[in-house]
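Basically our numbering = 1-based index in the sequence shown + 5. No residue lacks a Cβ here, since even glycine has one placed at the ideal position from N, Cα and C. Quick caveat, the model's predicted, so the values are computed rather than measured. Following: one structure in structure tokens, then a few remarks.
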Amino acid sequence: MLELEHGFRVVDVYTTLALDEREGESRTRRPGRTITPDRLEREMHQAGITRSIVFPPARRETSYVAPNNGVARHSVDRPFVAFARIRGTRHSEHTTTGRLRNAVNRPTDDHTTPEDVEMYAYDDRFHGFVLDPTVDDYPDEDLLETLEDVGLPLVVHGGADAPPNALADALLGREFPVIVAHFGGHPLDRKLMHTMVDLLEKYDDCYLETSFVRYRDVLERAVLEHPDRVLFGSGAPASHPNVAVMETLTLDVSEDLLRRIFSKNACRVIDVLSPDATSWQ
Numbered sequence: 006m007l008e009l010e011h012g013f014r015v016v017d018v019y020t021t022l023a024l025d026e027r028e029g030e031s032r033t034r035r036p037g038r039t040i041t042p043d044r045l046e047r048e049m050h051q052a053g054i055t056r057s058i059v060f061p062p063a064r065r066e067t068s069y070v071a072p073n074n075g076v077a078r079h080s081v082d083r084p085f086v087a088f089a090r091i092r093g094t095r096h097s098e099h100t101t102t103g104r105l106r107n108a109v110n111r112p113t114d115d116h117t118t119p120e121d122v123e124m125y126a127y128d129d130r131f132h133g134f135v136l137d138p139t140v141d142d143y144p145d146e147d148l149l150e151t152l153e154d155v156g157l158p159l160v161v162h163g164g165a166d167a168p169p170n171a172l173a174d175a176l177l178g179r180e181f182p183v184i185v186a187h188f189g190g191h192p193l194d195r196k197l198m199h200t201m202v203d204l205l206e207k208y209d210d211c212y213l214e215t216s217f218v219r220y221r222d223v224l225e226r227a228v229l230e231h232p233d234r235v236l237f238g239s240g241a242p243a244s245h246p247n248v249a250v251m252e253t254l255t256l257d258v259s260e261d262l263l264r265r266i267f268s269k270n271a272c273r274v275i276d277v278l279s280p281d282a283t284s285w286q
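Here is the structure:
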């Protein structure tokens, strides 16, 4: 695909880096296609994306230590910023099943501990955390308190199985920034997305990320009503970053608002994305 020329500095807050170490070669996987980290970097360059938040995919019943370390290792000398994926022990209290499971649930060796969070937070290879409640469940109170202590941003998957009200009860209103992926409405649930936009009025340290949001009316509403709370995410490699950039460029908003979506907002929330914080420009 031809390289895009759009004149904006773009940073991406939602990129999955799934590593396969077979035969000594690391690759990122996506359904129907396998690409190397180098190929992912080239695709980001083609789209005009200068820096990308990267993290391993969600996996059930497995430790994230090796995937997190792999992502950090392959971020060296690339315009990637590694986030560590974490796993909680709590289920949503919004369902009877979740409440019953919480009553009998016990941590295992695969769950993230407060000590793990501190280790990642003070390791200069990692700059935040990511969580998919549909796979990783929610943090318990001890883990939440540690996340507050370290203060790094948390990217959280939002959607039909992790709706806005459940995210609000479990994560929002804490002393760390929460970036809700997919406007909290994956897959393509316009009602949930609008509900998540509504919650921005209540929670000051909550932000919305744009990957896989195909509804222009929802995107434009959020940008116009909350211009400092929308962050660009491509969803790569599942979605080509060129597509995500072009979808944002077609929004009927001012150039100043586009600059906020593409980089200014993210740089306020994630310091390392700032041009002054890195040699990657």
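The bridge partners DSSP lists for Gly163 come to none. Every alpha helix (DSSP H) of 4 residues or more that sits fully in the stretch 240–274 is shown, in chain order, as 246–254, 260–264, 270–274. When only Cα atoms are considered, Phe267 and Ala63 end up about 25 Å apart.
The straight-line gap separating the alpha-carbon atoms of Thr215 and Phe134 is approximately 18 Å. Every alpha helix (DSSP H) of 4 residues or more that sits fully in the stretch 160–201 is shown, in chain order, as 169–175. In this structure Ala52 touches Val250 by the C-beta definition: roughly 5 Å separates them, less than 8 Å.
Taking every protein chain shown into account, the CB of Pro169 has 16 or more other CB atoms within 10 angstroms, so this residue is buried. The bridge partners DSSP lists for Phe134 are Ala89, Leu159. Residue burial annotation: Pro84 is buried, with at least 16 other C-beta atoms found within 10 angstroms of its C-beta. Distance from the CA of Thr151 to the CA of His50, rounded to the nearest whole angstrom, comes to 36 Å.
Only residues of its own chain outside the window of five on either side were considered, and among them Ala63, His162 have a CB closer than 7 Å to the CB of Asp137, listed in chain order. Asp121 is classed as buried because its beta carbon has at least 16 other beta carbons within 10 Å across all chains shown.
Rounded to the nearest whole angstrom, the C-alpha separation of Pro42 and Pro182 is 28 Å.
Bridge partners of Ser80 according to DSSP: none are assigned. Within the same chain, Cβ atoms closer than 6 Å to the Cβ of Ile91 are found at Thr117, Phe134, Leu136, the five residues on either side in sequence being excluded.
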